[in-house]
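Note that the sequence shown ends on residue 698 in full-length UniProt numbering; no numbers are left out.
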Amino acid sequence: EVFLPEEPHAAAPAGFLQELPSYQSALRRRAAGGGTQERRAAAQGSAGLRAAEARGPEQEGGELPARPAREYPLTIAEKRRLRDYQQADIKYLSGWKQWKRTSSKSLKKVLNEVKELSSYLELWRHDIHSIEGKFGTGIQSYFSFLRFLVLLNFIIFIVMFSFVTLPSIISKYGIFNSSFAKIPPKNIEPHCTVYEPNGNKGLVYFYTYLKDLLSGTGFLEVTSLFYGYYTIDAAWLSILRYNLPLAYLLATFAYLGLSLLWIIIRSVEGFKQNLVHDEDQFQSYCNKVFAGWDFCITDPNAAQLKHRSLQYELQTDLEEERLKRKIADRTMKEKLRIYSLRIFINIIVIAVLSGCFYSIYRATVFSQGISTDDSERNYQANLLVQYLPSIVITLANFIAPQIFSFLIGFEDYSPAFEIRLTLMRCVFVRLANIGVLLFSLWTHISYCDTDECKACGYNYELYPCWESEVGQEMYKLMIFDFIIILGVTLFVDFPRKLLVTHCSCKPIQWCGLQEFGISDNVLEIIYGQTICWIGTFFSPLLPAIATVKYFIIFYIKKISLIHTRKPAARPIRASSSNFFFLVVLLIGLVLAFIPLGISIAHIPSSKACGPFRSFNTSWAVVPDTISGLPTGLQQVLYGIASEAFAVPFFMVICLVMFYFIALAGAHKRVVEQLREQLVLESRDKLFLIRKITEAQRH
1 EVFLPEEPHA AAPAGFLQEL PSYQSALRRR AAGGGTQERR AAAQGSAGLR
51 AAEARGPEQE GGELPARPAR EYPLTIAEKR RLRDYQQADI KYLSGWKQWK
101 RTSSKSLKKV LNEVKELSSY LELWRHDIHS IEGKFGTGIQ SYFSFLRFLV
151 LLNFIIFIVM FSFVTLPSII SKYGIFNSSF AKIPPKNIEP HCTVYEPNGN
201 KGLVYFYTYL KDLLSGTGFL EVTSLFYGYY TIDAAWLSIL RYNLPLAYLL
251 ATFAYLGLSL LWIIIRSVEG FKQNLVHDED QFQSYCNKVF AGWDFCITDP
301 NAAQLKHRSL QYELQTDLEE ERLKRKIADR TMKEKLRIYS LRIFINIIVI
351 AVLSGCFYSI YRATVFSQGI STDDSERNYQ ANLLVQYLPS IVITLANFIA
401 PQIFSFLIGF EDYSPAFEIR LTLMRCVFVR LANIGVLLFS LWTHISYCDT
451 DECKACGYNY ELYPCWESEV GQEMYKLMIF DFIIILGVTL FVDFPRKLLV
501 THCSCKPIQW CGLQEFGISD NVLEIIYGQT ICWIGTFFSP LLPAIATVKY
551 FIIFYIKKIS LIHTRKPAAR PIRASSSNFF FLVVLLIGLV LAFIPLGISI
601 AHIPSSKACG PFRSFNTSWA VVPDTISGLP TGLQQVLYGI ASEAFAVPFF
651 MVICLVMFYF IALAGAHKRV VEQLREQLVL ESRDKLFLIR KITEAQRH
């Protein structure tokens, strides 16, 4: 074994060491019993680990470590001795080991240079660093999250375009000697296969094009933007057969799985940081005073804002401690009063949500009921009817959070819990509104009162291609959401900025500039992203629109932050905000699974358009494809899908989960022991300082 040379130390007398507080604490534990051996073993193990690190890392067989000295938790002098020792001992290694170490260092250096070079190609790198320097890491986390959504939607667009749109275009236009095949549906009534899109023919007024562009009807309905365009069953590229229905379904599963995996990977780091902050309850005050400053801030106004933020956090901690004492001192009468008040307020919240849902349902019913007969209405009325559900949803998203913010003040919660509860209510109302809209559409789509309609399985008269109708609703929601964001910035924030700057009226100065609320802006873009996830199945090119939308929103929000708004006086911490953003985004993705699963597996697919015309549901393409495979492979796949495989697999997953839960519990106990040891070491240092001071006095 190889050790670094150590400095000589004088041996401490045993009696003096027994006076240390850590030794006295160990004696008290030994006398009291209960876990002494484990604690002492952990202390000895950690002490031995530190001693080994002080001597230098070791490896089996006397081989030097390949890691550089700067990666070890050693002092500067010890790192220098380790580096000299590594360089001097290279000549004793074999040629293979020397080449292995040299190639490892070279590869690591190349990877670091590539990583550094790729950072310069990162989207909005300079802009986000500039925002971070002026306004801190809290606001920077919002723009980083927006960049993540731009990249995510671009990847989703690449997946859908490569596997769905591009093969359809190539085969329809005969590029690369390609062709396509259309298989007419079997055992389907002829009236179910009638679909005549309202494409513009002849001379068309300009406002008609504008209406079609905003609502997704007319000339847009027959383009590759919507589901109804993809009517081929197979594309032939030379001698290769491309199964478009299967590719369409697998591409949908691919972008959902990719989104889920990417969000989980990004949220792991935020979860670790958030867990550390949550566990550190007793050192909260020290963390805020000694480690709460954001050294990325260079702007004086942002520095002053950070001062106020730290002051607000300290006041919040004191308020929470006061509320804890107040809760502990409550009498039974006070508890009954506050619980009754909370129940009453939650009934009001449920009533507000019910009113929002009912309004959206009635608006959708009214819009769908008269949208088919628009020949005698003018352009403005027609467009208003088309956008009526989107307008009602936007009003509900604006009014309901204001009511929730007003009611939360009467529930007597702690400030931190008030913020979290209000945000979760706002998340629920935004995402549930989309679900109510889809439920209203599916109610109309599935309503059948004649035998002809029941033969098709859906309302073929109003919705001959119902998937395109749902895609148009998602398209209108996304376009209207972008119009609202742009309109608020241009027609609300800028005039308010001009009034506050040039008007000295006390009411206007009292109102001041609008705050740049991070949570509200995040909920805004997560709402749009949920629409994109749901709508991509019905409109494969919707991710491209979402990419352009978020790309423009980045600059709109940047200009709004710098010129027309002020940072929030109560910003949230960057580590916790990143984790919260991803958790809410994950909730939106999980909720998107529900309507997509119902559309794919439950509602009959349109028989007049789309790649699933020949199947009862979209999912039916999977067993149909499996039936064409070899018998042995079919048996394997059916075996995997059977209960005989699912039950043991579920049991193995449960055992693995229990193992990781037990491992996490063991790690948590070790962390608690190490924290106790740190406290004891700090007491030992104070004891030694006091002894040295007394010795100097004498």
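Every residue, glycine too, gets a C-beta built ideally from N, C-alpha and C.
The structure presented is a predicted model; accordingly, all values stated were derived computationally and were not measured.
Identity of the residue in the options nearest residue i by Cα
{"i": "isoleucine 360", "options": "Ile626, Val429, Ser642", "result": "Val429"}
{"i": "phenylalanine 439", "options": "Pro495, Arg362, Leu111, Lys476", "result": "Arg362"}
{"i": "valine 548", "options": "Lys108, Leu336, Leu151, Lys134", "result": "Leu151"}
{"i": "leucine 591", "options": "Ala601, His129, Ser618, Trp533", "result": "Trp533"}
{"i": "glutamine 315", "options": "Ser414, Gly409, Glu334, Leu336", "result": "Ser414"}
{"i": "leucine 395", "options": "Glu411, Ala77, Cys426", "result": "Cys426"}
{"i": "isoleucine 131", "options": "Ile598, Glu78, Gly528, Phe554", "result": "Phe554"}
{"i": "glutamine 620", "options": "Leu688, Ala662, Ile603", "result": "Looking at the sequence itself, residue 620 is alanine, so the reference to glutamine does not match. The shortest Cα separation from alanine 620 among Leu688, Ala662, Ile603 belongs to Ile603."}
{"i": "residue 731", "options": "Phe494, Phe581, Ser606", "result": "There is simply no residue 731 to check, as the chain begins at 1 and stops at 698 in what is shown."}
{"i": "residue 699", "options": "Leu686, Ile552, Ala662, Leu437", "result": "This structure leaves residue 699 out entirely; the chain is present only between 1 and 698."}
{"i": "serine 618", "options": "Leu596, His502, Met651", "result": "Leu596"}
{"i": "cysteine 465", "options": "Arg101, Lys79, Thr217, Leu111", "result": "Thr217"}
{"i": "threonine 298", "options": "Ala234, Lys211, His129", "result": "His129"}
{"i": "residue 700", "options": "Ala695, Leu586, Val671, Lys668", "result": "Lying before the first or after the last residue shown, residue 700 is absent from the chain, which here runs from 1 to 698."}
{"i": "residue 726", "options": "Arg420, Arg81, Val365", "result": "Any answer about residue 726 is impossible in this case: the structure gives the chain only from 1 up to 698."}
{"i": "leucine 123", "options": "Val679, Leu149, Lys134", "result": "Leu149"}
{"i": "tryptophan 510", "options": "Asn578, Val500, Val652, Arg322", "result": "Val500"}
{"i": "isoleucine 598", "options": "Ile484, Phe579, Gly435, Leu498", "result": "Gly435"}
{"i": "glutamine 311", "options": "Tyr285, Phe660, Asn301, Gln677", "result": "Tyr285"}
Residue i burial status per 10 Å Cβ neighbour count (16 or more: buried)
{"i": "serine 171", "result": "buried"}
{"i": "valine 114", "result": "exposed"}
{"i": "tryptophan 99", "result": "exposed"}
{"i": "arginine 337", "result": "exposed"}
{"i": "glutamine 529", "result": "buried"}
{"i": "glutamate 116", "result": "exposed"}
{"i": "isoleucine 248", "result": "According to the sequence as given, residue 248 is tyrosine; it is not isoleucine. So tyrosine 248 counts as buried."}
{"i": "glycine 369", "result": "exposed"}
{"i": "proline 543", "result": "buried"}
{"i": "cysteine 192", "result": "buried"}
{"i": "leucine 341", "result": "exposed"}
{"i": "serine 215", "result": "buried"}
{"i": "threonine 223", "result": "exposed"}
{"i": "aspartate 233", "result": "buried"}
{"i": "lysine 108", "result": "exposed"}
{"i": "leucine 74", "result": "buried"}
{"i": "glutamate 221", "result": "buried"}
{"i": "proline 630", "result": "exposed"}
{"i": "glutamine 140", "result": "buried"}
{"i": "threonine 331", "result": "exposed"}
Proximal residues to residue i (C-beta, below 6 Å), its chain only, five neighbours per side dropped
{"i": "arginine 697", "result": "none"}
{"i": "leucine 407", "result": "Ile345"}
{"i": "isoleucine 692", "result": "none"}
{"i": "isoleucine 526", "result": "Val584, Leu585, Gly588"}
{"i": "leucine 688", "result": "none"}
Own chain residues within Cβ distance below 8 Å of residue i, not counting five before or after
{"i": "threonine 231", "result": "Lys182, Cys609, Gly610, Pro611, Arg613"}
{"i": "residue 709", "result": "Shown here, the chain extends from 1 to 698; a query on residue 709 therefore has no answer."}
{"i": "residue 699", "result": "Because the chain spans 1 through 698 in this model, residue 699 falls outside it and cannot be assessed."}
{"i": "methionine 160", "result": "Ala251, Tyr255, Thr536, Pro540, Leu541, Pro543"}
{"i": "glycine 632", "result": "none"}
Cutoff 7 Å; reference residue i; Cβ partners in own chain excluding five residues on either side
{"i": "phenylalanine 482", "result": "Lys549"}
{"i": "tyrosine 387", "result": "Lys476, Phe480"}
{"i": "leucine 486", "result": "Ile556"}
{"i": "valine 365", "result": "Ser440"}
{"i": "isoleucine 531", "result": "Ile434, Met474, Leu477, Met478"}
Does the pairing of the segment 392-408 with the segment 343-360 give three or more beta-carbon distances under 8 Å?
yes
Any contact of the segment 452-461 with the segment 501-515, i.e. 3+ C-beta pairs under 8 Å?
no
When the Cβ atoms of the segment 441-449 are set against those of the segment 458-469, are three or more pairs found closer than 8 Å?
yes
Touch check for the segment 642-649 and the segment 251-270: three-plus C-beta pairs under 8 Å?
no
With three or more beta-carbon pairs closer than 8 Å as the criterion, would you say the segment 243-256 touches the segment 619-637?
yes
Counting only runs of 4+ residues fully inside the segment 102-163, write out the alpha helix (DSSP H) ranges in chain order.
125-135, 137-160
Can you find at least 3 beta carbon pairs, one from the segment 526-546 and one from the segment 462-474, that sit closer than 8 Å?
yes
Completely contained alpha helix (DSSP H) runs for the segment 409-433, where each covers 4 or more residues
none
Assess contact between the segment 215-231 and the segment 134-148, defined as three or more Cβ pairs (one per stretch) separated by less than 8 Å. Is contact present?
no
Can you give, in chain order, each stretch of the alpha helix (DSSP H) that sits fully within the segment 491-540 and has at least 4 residues?
494-502, 506-511, 518-535
Which runs of the alpha helix (DSSP H), 4 residues or longer, sit entirely within the segment 618-643?
621-627, 631-640
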